[in-house]
Amino acid sequence: MVAHLDPLHSVPTEPDPPSRVQGNKALTHARADRDRWLSARELDILTAVAEAALPPGRFLEGAGRETAEATHRYLSDIPREGIRVFQAALWAVELSTLPTKRRPFSELSREARLTAIEGFEQSRVLPIREVLRVLLTPLKAMHFDRPDMFRHVGCRYELETVRDEKPRWLARVTDGREIEEDLDLECEVVVVGTGAGGAAAAYELASRGRAVLMLEEGHYHRRSSFNGRPSRAYRDLYRDKGMTVALGNVNIPVWAGRAVGGSTVINSGTCYRAPARTFAYWRDHHGLPRDFSPEGLSPYYERVEAMLGVAPANPLHLGKIAGIIARGAEHLGLRHHALTRNAPDCDGQGICCFGCPTGAKRSTDVSYVPAALARGAELVTAARVDFVDIVAGRARGVTATLDAERTKGRPPRLRVRADAVIVAGGTLMTPLLLRRSGACLSSGMLGKNLSIHPASKVMALFDDRVDPWNGIPQGYSIDHFAEEGLLFEGSSLPFDVTALGVPWSGPRYIELMEKYPYLASFGFMVQDHSRGEVRTGPGGRPLLLYRMNERDTRLLQRGVEILCEVFQAAGARRVLPFVAGHDEVNTKDALARLRLSRIHAGDIEVTAYHPLGTCRIGTHPARSCLGPDHEAHDVAGLYVCDGSAIPSSLGVNPQMTIMAMALRAAEILHQRLG
2 MVAHLDPLHS VPTEPDPPSR VQGNKALTHA RADRDRWLSA RELDILTAVA
52 EAALPPGRFL EGAGRETAEA THRYLSDIPR EGIRVFQAAL WAVELSTLPT
102 KRRPFSELSR EARLTAIEGF EQSRVLPIRE VLRVLLTPLK AMHFDRPDMF
152 RHVGCRYELE TVRDEKPRWL ARVTDGREIE EDLDLECEVV VVGTGAGGAA
202 AAYELASRGR AVLMLEEGHY HRRSSFNGRP SRAYRDLYRD KGMTVALGNV
252 NIPVWAGRAV GGSTVINSGT CYRAPARTFA YWRDHHGLPR DFSPEGLSPY
302 YERVEAMLGV APANPLHLGK IAGIIARGAE HLGLRHHALT RNAPDCDGQG
352 ICCFGCPTGA KRSTDVSYVP AALARGAELV TAARVDFVDI VAGRARGVTA
402 TLDAERTKGR PPRLRVRADA VIVAGGTLMT PLLLRRSGAC LSSGMLGKNL
452 SIHPASKVMA LFDDRVDPWN GIPQGYSIDH FAEEGLLFEG SSLPFDVTAL
502 GVPWSGPRYI ELMEKYPYLA SFGFMVQDHS RGEVRTGPGG RPLLLYRMNE
552 RDTRLLQRGV EILCEVFQAA GARRVLPFVA GHDEVNTKDA LARLRLSRIH
602 AGDIEVTAYH PLGTCRIGTH PARSCLGPDH EAHDVAGLYV CDGSAIPSSL
652 GVNPQMTIMA MALRAAEILH QRLG
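Under our numbering, the first residue of the sequence shown is numbered 2, with each subsequent residue one higher.
See below:
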């Protein structure tokens with residue numbers, strides 16, 4: 002059985018409890034030194050960029066020193082290599098004007114600086130545009146992350162803090178930051194990670210009477226942490242502040258969670274079963290048995306849907322964008338409908354991706370994890386697993402480092418002895434842990450086969466108010482082209498998130514942001530055939546490499562074209578795909594020109610939310626890391642239950658499939674434990 006831990010009176014919701022920080026002067030001084038990572042000259046350059054790129058509008062204030070200093074503070078704890086990239090981008094801009102102006106950028110007039118920035122922004126060379134993007138993304142985030150900015154456009158800045166309840170199961174949660182000495186525990190099954198796969202597997206095993214210990218690298222953030230502020234969520238809930246990027250012929254941000262609940266805490270709540278075509282592909286290309294079919298997984302899907310309260314989104318909270326998309330799709334004869342979600346009591350506050358403040362979204366931190374704890378499982382947070390302990394070819398437990406602050410010596414270590422190990426750290430982190438452990442290496446496939454569901458969007462400006470902050474952020478869909486691998490989803494974006502999604506600068510950018518109440522946004526993702534890999538990068542963080550192929554590039558372009566046509570049919574005044582060379586597509590002629598263009602991968606603004614496949618299941622040990630039972634081919638007693646086990650892109654949001662497959666794997670493990 003699990004060695005019972007001393008219960009905590011409460012689970013802290015802040016990464017740095019003030020009492021501990023105040024009592025650690027050495028740590029305070031170290032942070033102060035770290036905060037001064039830009040020189041005075043570099044801060045001057047950043048201020049010059051901010052002034053030119055984000056000028057004052059009719060009622061929105063312009064950026065300047067205050068924005069530069071806020072950006073400096075916000076980025077103070079990013080990895081050292083990220084700091085170097087940012088500094089390199091600063092100096093690239095500063096020195097870019099010397100050949101033509103004989104003066105550095107920061108010494109030019111504001112008008113000349115704006116001209117220089119426009120040269121970066123409108124370049125057809127992706128690396129040149131990326132230099133500006135590196136600087137403007139955090140500048141925009143900090144500039145618009147202010148209550149007065151939100152008041153100017155008439156929307157709410159943040160929510161009031163709610164009081165957390167203290168249910169009995171909370172006594173089975175131990176905050177690793179509070180452990181001061183090494184700790185040894187025993188259990189039947191240790192589960193690494195509490196996202197979609199880990200939490201579902203832990204619940205299933207605990208429900209069957211197994212002694213289960215969950216380990217989570219992040220913290221257990223309760224409702225009081227979710228105030229609707231993206232900047233706080235990026236800091237507390239996202240891995241590396243949401244700055245993970247897949248590098249290749251187009252650099253793609255890839256979002257992943259780092260908290261109890263994993264990425265389910267920061268997703269939109271969209272729930273799909275995997276389509277039949279995907280299961281057929283698994284059967285034909287990976288030899289998976291009938292268990293992996295719509296019929297085979299249906300019982301597990303049903304259990305997931307019951308646990309999460311899955312149902313179509315409430316029409317009352319879809320927002321005006323749903324009506325716009327419905328109008329345009331209906332005019333074009335396209336199939337459209339409300340999305341199915343795991344938020345039965347949603348009130349449409351529009352901030353699902355930054356932690357649900359009401360608990361209506363049934364992410365695993367409010368569903369599977371509490372249910373597992375109530376059935377006897379235990380949880381240690383702030384526990385970074387260093388490696389799986391493998392003895393004579395069998396997984397026997399894990400060794401972890403606890404995130405306790407210290408003035409000297411090493412942090413406390415947690416050793417767990419177990420009969421079986423489930424790794425569910427997610428597609429980005431699982432391959433790094435397994436590689437450190439010497440597991441799943443025999444096929445050479447570990448870390449490879451990365452799919453990410455590349456996604457893009459189109460915005461449109463209307464004469465009537467859209468009020469995009471009101472409504473479910475992803476509540477409506479056009480699935481007419483799903484069989485082609487195109488799925489359209491979307492609804493609303495908060496003001497400051499919209500600001501990040503517009504790749505412009507200067508007066509036209511501020512003018513558009515001042516019209517935010519009239520701005521609609523809708524997105525789509527492609528079932529990618531491109532593949533990448535995850536390697537161990539600097540500091541042990543994931544390094545993502547991904548090259549988009551021609552087929553997926555054409556599919557992305559088709560998605561943009563379809564959305565432009567939908568918005569035109571819905572009566573948009575301006576349609577903004579933000580494609581290089583096609584910033585606006587307001588007429589049928591402009592749409593025809595876009596369709597005739599040969600768009601390159603880097604010409605489209607792309608993001609990604611569903612990394613999969615880096616430790617895939619399969620029947621052939623030479624082509625996969627795991628068997629169909631989710632057990633590693635080369636290490637007995639080691640199971641993987643997360644997105645990394647999924648053998649290919651699903652074409653739909655993956656959380657329900659990850660959960661369904663995890664329930665099945667947990668059943669198999671339970672039977673084998675005897």
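Ideal placement from N, C-alpha and C gives every residue a C-beta, glycine not left out. From a predicted model like this one, the values you see are computed outputs, not experimental measurements.
Asked: Between the C-alpha atoms of E566 and R114, what's the straight-line distance to the nearest angstrom?; Found: 36 Å
Asked: Run the CB neighbour count on V392, radius 10 Å, all protein chains shown included, and call it buried at 16 or more, exposed below.; Found: exposed
Asked: Buried or exposed: where does K589 fall if 16 or more other Cβ atoms within 10 Å of its Cβ makes it buried?; Found: exposed
Asked: Buried or exposed for R397, going by 16 or more other Cβ atoms inside 10 Å?; Found: buried
Asked: Using the C-alpha atoms, what's the distance from D149 back to N550?; Found: 44 Å
Asked: Measure the C-alpha to C-alpha separation of Q672 and A623 and round it to an integer number of angstroms.; Found: 27 Å
Asked: Which runs of the alpha helix (DSSP H), 4 residues or longer, sit entirely within the stretch 485-517?; Found: 496-502, 507-515
Asked: I'd like to know if the stretch 605-621 and the stretch 437-455 are in contact, where contact means that at least 3 CB-CB pairs between them fall below 8 Å.; Found: yes
Asked: Alpha carbon to alpha carbon, what distance is there between D465 and A275?; Found: 37 Å
Asked: Alpha carbons only, please: which of F525, D165, R665, D146 is nearest the one belonging to L556?; Found: F525
Asked: Where does F227 sit, in a helix, a strand or coil, going by DSSP?; Found: coil
Asked: Residues in its own chain within less than 7 Å of V163 by CB, not counting five upstream and five downstream?; Found: R224, S225, P358
Asked: Taking just the CA atoms, how far does C353 sit from N315?; Found: 15 Å
Asked: With 16 other CB atoms within 10 Å as the buried threshold, where does F60 fall?; Found: exposed
Asked: Does DSSP put T658 in a helix, a strand or coil?; Found: helix
Asked: Would E475 and E485 be called neighbours here (beta carbons separated by less than 7 Å)?; Found: Residue 475 is actually Gln in this sequence, not Glu. No, they are not a contact pair.
Asked: Give the secondary structure of D7 by DSSP, where H, G and I count as helix, E and B as strand, and everything else as coil.; Found: Because D7 sits at a pLDDT of 36, beneath the cut-off of 50, its placement in the model cannot be relied upon, and the following sentence gives the value as read from the coordinates. Reduced to three states, the DSSP call for D7 is coil.
Asked: In this structure, what does DSSP give as the bridge partners for S457?; Found: F525
Asked: Throw me the rounded Cβ distance for the S645 and T431 pair, which I believe falls under 8 Å.; Found: 4 Å
Asked: Between I322 and the rest of its own chain, which residues show a CB-CB distance below 8 Å, the 5 nearest in sequence each way excluded?; Found: V467, P469, G472, Y477, G491, S492, S493, A521, S522, F523
Asked: Within 10 Å of its beta-carbon, does G83 have 16 or more other beta-carbons around it, so buried, or fewer, so exposed?; Found: buried
Asked: I need the DSSP call for F579, collapsed to helix, strand or coil.; Found: coil
Asked: Measuring alpha carbon to alpha carbon, tell me which of F388, Y239, F280 ends up nearest S438.; Found: F388
Asked: Between C441, W505, R532, which has its C-alpha nearest K141's C-alpha?; Found: W505
Asked: Once the 5 residues before and after M657 are set aside, which same chain residues still bring their CB inside 7 Å of it?; Found: C272, Y273, R274, Y302, V305
Asked: From this set, L639, C626, L546, T620, which residue's C-alpha is nearest L289's C-alpha?; Found: T620
Asked: Can you find the residues in the same chain that come closer than 7 Å, C-beta to C-beta, to V459, ignoring five residues on each side of it along the sequence?; Found: F523, V561, L564, C565, F568, V576, L577, P578
Asked: Ignore the nearest five residues each way along the sequence and tell me which others in I605's own chain have a CB closer than 6 Å to its CB.; Found: S457, L557, V580
Asked: In angstroms with no decimal places, state the Cα-to-Cα distance between K516 and G502.; Found: 14 Å
Asked: Just to confirm before moving on: does the CB-CB distance between V261 and D366 stay below 7 Å?; Found: yes
Asked: For a quick check, are the C-beta atoms of V191 and A500 less than 7 Å apart?; Found: no
Asked: State the CB to CB distance for the pair C156 and F496, rounded to an integer number of angstroms; the pair is presumed to be in contact (CB under 8 Å).; Found: 6 Å
Asked: Is it true that the CB of E119 sits closer than 7 Å to the CB of F106?; Found: no
Asked: Who are the near neighbours of P629 in its chain, counting only those whose CB is closer than 8 Å to its CB and skipping five residues on each side?; Found: L289, P290, D292, F293, I618, G619, T620
Asked: Inspect the beta-carbon positions of V370 and A200 and report whether they are closer than 7 Å.; Found: yes
Asked: At the level of alpha carbons, what is the spacing between Q350 and Y239?; Found: 20 Å
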